[in-house]
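There are 2 protein chains.
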Amino acid sequence: MGMKVVALAGGVGGAKLVAGLAAVVDPADLTVVVNTGDDFEHLGLSIWPDLDTVMYTLADLANRETGWGRRDETWSFLTSVGELGGPTWFRLGDKDLALHVSRTDWLRQGMRPVEVVRKLCDRLGVRHRVLPMSQDPVRTMVATNEGELRFQEYFVARGCQPTVQGFRFEGADSSSASPGVLEALSAADVVILCPSNPWVSIDPILAVPGIQSAVADRLAVAVSPIIAGKAVRGPAAKIFQEMGIPPSPLAVAGHYRTLLRGIVIDRADAALQGALEVSGVSVRAVPTLMRSSRDRHALAEATLAFARDLAGARVAS
Amino acid sequence: MGMKVVALAGGVGGAKLVAGLAAVVDPADLTVVVNTGDDFEHLGLSIWPDLDTVMYTLADLANRETGWGRRDETWSFLTSVGELGGPTWFRLGDKDLALHVSRTDWLRQGMRPVEVVRKLCDRLGVRHRVLPMSQDPVRTMVATNEGELRFQEYFVARGCQPTVQGFRFEGADSSSASPGVLEALSAADVVILCPSNPWVSIDPILAVPGIQSAVADRLAVAVSPIIAGKAVRGPAAKIFQEMGIPPSPLAVAGHYRTLLRGIVIDRADAALQGALEVSGVSVRAVPTLMRSSRDRHALAEATLAFARDLAGARVAS
Numbered sequence: 002m003g004m005k006v007v008a009l010a011g012g013v014g015g016a017k018l019v020a021g022l023a024a025v026v027d028p029a030d031l032t033v034v035v036n037t038g039d040d041f042e043h044l045g046l047s048i049w050p051d052l053d054t055v056m057y058t059l060a061d062l063a064n065r066e067t068g069w070g071r072r073d074e075t076w077s078f079l080t081s082v083g084e085l086g087g088p089t090w091f092r093l094g095d096k097d098l099a100l101h102v103s104r105t106d107w108l109r110q111g112m113r114p115v116e117v118v119r120k121l122c123d124r125l126g127v128r129h130r131v132l133p134m135s136q137d138p139v140r141t142m143v144a145t146n147e148g149e150l151r152f153q154e155y156f157v158a159r160g161c162q163p164t165v166q167g168f169r170f171e172g173a174d175s176s177s178a179s180p181g182v183l184e185a186l187s188a189a190d191v192v193i194l195c196p197s198n199p200w201v202s203i204d205p206i207l208a209v210p211g212i213q214s215a216v217a218d219r220l221a222v223a224v225s226p227i228i229a230g231k232a233v234r235g236p237a238a239k240i241f242q243e244m245g246i247p248p249s250p251l252a253v254a255g256h257y258r259t260l261l262r263g264i265v266i267d268r269a270d271a272a273l274q275g276a277l278e279v280s281g282v283s284v285r286a287v288p289t290l291m292r293s294s295r296d297r298h299a300l301a302e303a304t305l306a307f308a309r310d311l312a313g314a315r316v317a318s
Numbered sequence: 002m003g004m005k006v007v008a009l010a011g012g013v014g015g016a017k018l019v020a021g022l023a024a025v026v027d028p029a030d031l032t033v034v035v036n037t038g039d040d041f042e043h044l045g046l047s048i049w050p051d052l053d054t055v056m057y058t059l060a061d062l063a064n065r066e067t068g069w070g071r072r073d074e075t076w077s078f079l080t081s082v083g084e085l086g087g088p089t090w091f092r093l094g095d096k097d098l099a100l101h102v103s104r105t106d107w108l109r110q111g112m113r114p115v116e117v118v119r120k121l122c123d124r125l126g127v128r129h130r131v132l133p134m135s136q137d138p139v140r141t142m143v144a145t146n147e148g149e150l151r152f153q154e155y156f157v158a159r160g161c162q163p164t165v166q167g168f169r170f171e172g173a174d175s176s177s178a179s180p181g182v183l184e185a186l187s188a189a190d191v192v193i194l195c196p197s198n199p200w201v202s203i204d205p206i207l208a209v210p211g212i213q214s215a216v217a218d219r220l221a222v223a224v225s226p227i228i229a230g231k232a233v234r235g236p237a238a239k240i241f242q243e244m245g246i247p248p249s250p251l252a253v254a255g256h257y258r259t260l261l262r263g264i265v266i267d268r269a270d271a272a273l274q275g276a277l278e279v280s281g282v283s284v285r286a287v288p289t290l291m292r293s294s295r296d297r298h299a300l301a302e303a304t305l306a307f308a309r310d311l312a313g314a315r316v317a318s
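Residue numbers (this note's numbering), protein chains in the order written: chain A, 2 to 318; chain Y, 2 to 318.
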């Protein structure tokens with residue numbers, strides 16, 4: 002007990018595992034570092050999709066059907082924006098809007114992003130520490146066969162249809178990790194790379210100066226977002242394919258290269274265990290699909306147990 | 002026909018007469034100049050209550066029960082703001098919010114208020130010209146027995162409970178009339194002071210340099226917002242009383258002093274006709290309570306007929 006955990010997370014899959022971790026790890030022992038590369042300004046509002054998904058999921062307010070936004074949502078605002086001739090491609094729900102409007106107001110008053118997230122967590126009853134990866138703007142840009150697109154243009158407006166050729170994290174080079182991020186990493190017994198999209202959810206976090214090397218210094222374990230060649234949700238598998246890499250847990254482990262000590266894969270991929278181990282990564286095969294809260298807890302427990310075993314092995318070696 | 006009309010209007014009562022005028026006056030011949038003294042920033046959004054009431058009323062989207070906001074409104078946003086610990090005293094509906102968010106976005110992008118109003122009117126299908134009295138910030142401040150309050154604090158947050166001692170229109174001295182306002186006034190055959198609150202809806206308009214003298218140069222007719230000693234809605238009667246003046250059409254005419262050639266009063270106040278005429282103001286007594294669209298049209302027609310008669314008398318004299 003008392004194992005210090007840092008989770009790196011993006012959207013839905015990451016948020017689900019984070020919710021599982023939050024159910025079994027004391028608030029003092031878990032820090033969640035969240036991708037901000039998807040953040041953007043829309044209708045003058047500061048929209049932070051991954052942070053919101055993580056906070057809503059931890060507060061049990063998330064919409065489990067859509068994977069984004071709030072449950073029991075209403076859409077009067079968006080309908081009226083449409084009637085005014087405004088943009089409706091990014092679906093802002095009426096309840097969700099309360100977060101965006103409040104946050105935008107606080108930021109304009111000079112509140113820093115870390116404090117904004119802390120205040121929102123307080124208000125939503127989220128007790129574990131959630132940190133944006135950086136307080137500086139980092140923007141994921143997607144190189145495609147149709148030219149470079151901003152992430153939300155690619156992801157939401159274009160529905161991931163363009164063929165991906167690469168990614169660029171604008172502003173990352175000159176960004177700094179949020180206060181608390183590097184400190185949490187240096188104190189971590191395990192760093193968990195959540196089952197979020199490696200290319201667009203985890204890579205932006207690792208692109209913030211200091212974070213990748215801090216992760217490399219710790220025991221790092223990934224949970225594969227790819228199960229039997231497919232992503233549970235989102236374009237991860239499609240992106241691997243377009244980048245010329247057959248999507249699989251091997252592709253995930255290869256993506257993170259020397260960073261990982263271990264990877265948690267789905268039982269459906271158990272046949273890949275040997276190949277993964279040859280590449281130098283320890284493997285735990287368990288059910289990784291998170292349909293229920295129970296699934297989330299079980300995967301969190303399994304991941305932590307795996308990390309404890311790896312930590313013990315390190316001590317023994 | 003072709004009588005050029007400028008209407009000065011504030012909230013509900015003014016908006017209703019404006020809707021009546023719009024039904025019987027060609028768009029090329031009617032300009033509505035609206036009070037902006039109630040405007041304020043709330044949750045980082047630019048809220049323009051009187052302009053919105055006028056636009057919603059002209060677009061037939063207004064909530065006739067509340068007198069503010071939109072009909073068929075939903076309240077998910079406000080509920081969620083409350084859950085986040087935010088302010089809920091100013092009731093922002095989900096549909097209404099589309100206007101506030103869009104406007105705030107446009108203003109931040111550098112659009113001028115006159116253009117914002119024109120764009121919103123276009124989108125809402127409002128064909129008559131609506132102008133904010135000024136593009137500069139003018140803020141109505143209410144001196145009360147509890148100290149000076151900003152208008153929305155007095156009006157909404159405190160429900161008009163404090164006793165009024167006076168008013169101040171912050172910024173008015175250094176403000177300019179919006180482009181088009183003085184031009185419309187100088188071309189007007191009649192200026193109609195709508196049945197809005199004289200103290201807090203019409204006075205701020207007259208406080209913008211150049212407007213009062215431009216009105217004084219034209220044939221000006223007021224429609225009394227006081228019927229049988231009471232305001233149809235809002236604190237006009239209470240304010241007259243607190244300012245030491247018994248509320249009546251006489252009080253309204255006295256308030257506007259030398260500005261008026263005529264005043265339209267309700268038949269319930271017909272007994273005051275003599276006293277009003279002694280004070281030098283012509284009078285027309287008609288039904289002035291606007292419950293239905295038909296009432297609005299009838300009052301608009303009666304007011305215009307009265308103005309035509311006064312114009313004829315002037316020519317004859």
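We put the CB at the ideal spot given by N, CA and C, even for glycine. Model, not experiment: these values are computed from the prediction.
**Asked** Which residues of chain Y have a Cβ atom closer than 8 Å to the Cβ of A/Gly87, listed in chain order?
**Response** The residue you call residue 87 of chain A lines up with position 86 of the first sequence. Residues of chain Y passing the Cβ test: Ala99 and Ser103.
**Prompt:** Any C-beta of chain Y sitting closer than 8 Å to the C-beta of A/Phe41?
**Reply:** Against the first sequence, residue 41 of chain A aligns to sequence position 40. Answer no: the Cβ-Cβ gap between A/Phe41 and chain Y never drops below 8 Å.
**Asked** Which parts of the stretch 248-274 of chain A are runs of the beta strand (DSSP E), unbroken and 3 residues or longer, counting only runs that do not cross its ends?
**Response** With a minimum length of 3 residues, the continuous beta strand (DSSP E) runs that stay inside the stretch 248-274 of chain A are 263-267.
**8 Å contact criterion, which A/Arg262 and A/Leu220 should meet: CB distance rounded** = Looking up residue 262 of chain A in the first sequence gives position 261. Looking up residue 220 of chain A in the first sequence gives position 219. So it is a contact: roughly 5 Å between Cβ atoms.
**Asked** Taking the beta strand (DSSP E) that A/Gln166 falls in, what are its first and last residues?
**Response** As a position in the first sequence, residue 166 of chain A is number 165, starting the count at 1. Here the beta strand (DSSP E) through A/Gln166 covers Val165 to Glu171.
**Request:** Say whether chain A places a C-beta atom closer than 8 Å to the C-beta of Y/Phe241.
**Result:** As a first step, residue 241 of chain Y must be located in the second sequence, where it is residue number 240. No, Y/Phe241 lies away from the interface with chain A (no Cβ there is under 8 Å from its Cβ).
**Item:** C-beta atoms of A/Ser103 and Y/Leu44 nearer than 8 Å
**Value:** Mapped onto the first sequence, residue 103 of chain A falls at position 102. Mapped onto the second sequence, residue 44 of chain Y falls at position 43. The answer is yes: Cβ separation under 8 Å.
**Prompt:** What does a CB cutoff of less than 8 Å around A/Gly313 pick up in its chain, not counting 5 residues either side in sequence?
**Reply:** Here the question's residue 313 of chain A lines up with position 312 in the first sequence. Cβ within range, chain order: n/a, list empty.
**Prompt:** Can you name the start and end residues of the alpha helix (DSSP H) that A/Thr54 belongs to?
**Reply:** In the first sequence, the residue the question calls residue 54 of chain A occupies position 53. Where A/Thr54 is concerned, the enclosing alpha helix (DSSP H) stretches over Pro50 to Leu59.
**Request:** Pick helix, strand or coil for A/Gly148, following the three-state DSSP scheme.
**Result:** As a working note, residue 148 of chain A is residue 147 in the first sequence. In the structure shown, A/Gly148 sits in a strand (DSSP, three-state: E or B).
**Request:** State the beta-bridge partners of Y/Glu42 as determined by DSSP.
**Result:** Taking the second sequence and counting its residues from 1, one reaches residue 42 of chain Y at position 41. Answer is Y/Ser47, bridged to Y/Glu42.
**Message:** Using beta carbons (cut-off 8 Å, strictly below), is Y/Arg124 in contact with chain A?
**Reply:** As a working mapping, residue 124 of chain Y is identified with position 123 in the second sequence. Output row for Y/Arg124: interface = yes.
**Message:** Could you tell me the alpha carbon to alpha carbon distance between Y/Leu85 and Y/Gly70, rounded to whole angstroms?
**Reply:** Walking along the second sequence from the start, residue 85 of chain Y turns up at place 84. Walking along the second sequence from the start, residue 70 of chain Y turns up at place 69. Looking at the two C-alpha atoms, the distance is approximately 23 Å.
**Prompt:** Do you know whose CA, among Y/Thr141, Y/Met4 and Y/Ala60, lies nearest Y/Pro38's CA?
**Reply:** Sequence index remark: in the second sequence, residue 38 of chain Y carries index 37 (1-based). At residue 38 of chain Y the sequence reads Gly, which differs from the Pro that was named. The candidate whose alpha carbon is nearest that of Y/Gly38 is Y/Thr141.
**Item:** Cutoff 8 Å; reference A/Ala269; Cβ partners in own chain excluding five residues on either side
**Value:** For the purposes of this step, residue 269 of chain A is taken as residue 268 along the first sequence, with counting starting at 1. In its chain, beyond the 5 residues on either side, Ile228 and Ala229 have a beta carbon closer than 8 Å to the beta carbon of A/Ala269.
**Prompt:** Whole-angstrom Cβ separation of A/Ile193 and A/Val224, contact assumed at under 8 Å?
**Reply:** In the first sequence, counting from the first residue as 1, residue 193 of chain A sits at position 192. In the first sequence, counting from the first residue as 1, residue 224 of chain A sits at position 223. Yes, A/Ile193 and A/Val224 are in contact; Cβ-Cβ is about 7 Å, under 8 Å.
**Message:** Looking at the secondary structure, which residues open and close the beta strand (DSSP E) in which Y/Pro133 lies?
**Reply:** Translated into the one-based positions of the second sequence, residue 133 of chain Y becomes position 132. For Y/Pro133, the enclosing beta strand (DSSP E) stretches over residues Arg130 to Pro133.
**Request:** Could you tell me which residues DSSP puts in a beta bridge with Y/Ser283?
**Result:** To locate residue 283 of chain Y, count along the second sequence from 1; it is residue 282. According to DSSP, which records beta bridges pairwise, Y/Ser283 is partnered with Y/Gly263.
**Asked** Using DSSP with H/G/I as helix, E/B as strand and the rest coil, what is Y/Ala63?
**Response** Stepping through the second sequence from its first residue, residue 63 of chain Y is reached at position 62. Of the three classes helix, strand and coil, the one that applies to Y/Ala63 here is strand, per DSSP.
**Asked** Between the C-alpha atoms of A/Leu93 and A/Thr58, what's the straight-line distance to the nearest angstrom?
**Response** Numbered from 1 along the first sequence, position 92 holds the residue referred to as residue 93 of chain A. Numbered from 1 along the first sequence, position 57 holds the residue referred to as residue 58 of chain A. Distance between A/Leu93 and A/Thr58, taken at the CA atoms: about 17 Å.
**Message:** On the DSSP bridge list, what partners appear for Y/Val224?
**Reply:** Taking the second sequence and counting its residues from 1, one reaches residue 224 of chain Y at position 223. Answer is Y/Val265.
**Request:** Step through the CB atoms of chain A and report whether any lies within less than 8 Å of the CB of Y/Phe78.
**Result:** Numbered from 1 along the second sequence, position 77 holds the residue referred to as residue 78 of chain Y. Closer than 8 Å: yes.
**Message:** Check whether the stretch 145-153 of chain Y and the stretch 279-287 of chain A touch, using three or more Cβ-Cβ pairs below 8 Å as the test.
**Reply:** no
**Asked** In chain A, which residues lie with their C-beta within 7 Å of the C-beta of Y/Asp106?
**Response** Looking up residue 106 of chain Y in the second sequence gives position 105. Neighbours of Y/Asp106 on chain A, chain order: Leu44 and Gly45.
**Message:** Quick check: the stretch 113-133 of chain Y against the stretch 127-135 of chain A, are at least 3 beta-carbon pairs closer than 8 Å?
**Reply:** no
**Asked** Between the Cα of A/Thr289 and the Cα atoms of A/Cys195, A/Leu251, A/Gly281 and A/Trp200, which residue gives the shortest distance?
**Response** For the purposes of this step, residue 289 of chain A is taken as residue 288 along the first sequence, with counting starting at 1. With distances taken between Cα atoms, A/Thr289 lies closest to A/Cys195.
**Request:** List the endpoints of the continuous beta strand (DSSP E) containing Y/Leu9.
**Result:** Looking up residue 9 of chain Y in the second sequence gives position 8. Here the beta strand (DSSP E) through Y/Leu9 covers Val6 to Ala10.
**Asked** In chain order, what residues of the same chain have a beta carbon less than 7 Å from the beta carbon of Y/Ala60, not counting five sequence neighbours either side?
**Response** As a first step, residue 60 of chain Y is located in the second sequence; it is residue number 59 there, counting from the start. Answer for Y/Ala60: Leu125, Gly126 and Val127, listed in chain order.
**Short CB-CB distance (under 8 Å) between A/Lys17 and chain Y** = Here the question's residue 17 of chain A lines up with position 16 in the first sequence. No, because no Cβ of chain Y sits closer than 8 Å to the Cβ of A/Lys17.
**Asked** Can at least three beta-carbon pairs, one atom from the stretch 2-11 of chain Y and one from the stretch 294-311 of chain A, be found at a separation below 8 Å?
**Response** With the cut-off at 8 Å, the stretch 2-11 of chain Y and the stretch 294-311 of chain A do not touch.
**Asked** If we count the other Cβ atoms within 10 Å of its Cβ and call it buried at 16 or more, is Y/Asp97 buried or exposed?
**Response** Here residue 97 of chain Y refers to the residue found at position 96 of the second sequence. Counting Cβ neighbours within 10 Å, Y/Asp97 comes out buried, since at least 16 surround it.
**Asked** Within 8 Å (strictly less), CB to CB, does A/Lys96 reach chain Y?
**Response** Stepping through the first sequence from its first residue, residue 96 of chain A is reached at position 95. With 8 Å as the cut-off, A/Lys96 counts as an interface residue toward chain Y.
**Prompt:** Where do the N-terminal and C-terminal ends of the beta strand (DSSP E) with Y/Arg32 fall, by residue?
**Reply:** In the second sequence, the residue the question calls residue 32 of chain Y occupies position 31. This sequence places Thr at residue 32 of chain Y; Arg is not what is there. Start and end: Leu31 to Val35.
**Prompt:** A/Leu85 by DSSP, collapsed to three states: which one?
**Reply:** For this step, residue 85 of chain A is matched to residue 84 along the first sequence. Coil.
**Prompt:** What is the residue span of the beta strand (DSSP E) that A/Ile240 lies within?
**Reply:** Against the first sequence, residue 240 of chain A aligns to sequence position 239. Not the beta strand (DSSP E): A/Ile240 falls in the alpha helix (DSSP H), residues Ala237 to Glu243.
**Message:** So, at 6 Å on beta carbons, what are the nonlocal neighbours of A/Trp107 in its own chain, with the 5 sequence-adjacent residues on each side left out?
**Reply:** In the first sequence, residue 107 of chain A corresponds to position 106, counting from 1. Correct list, in chain order: Val117.
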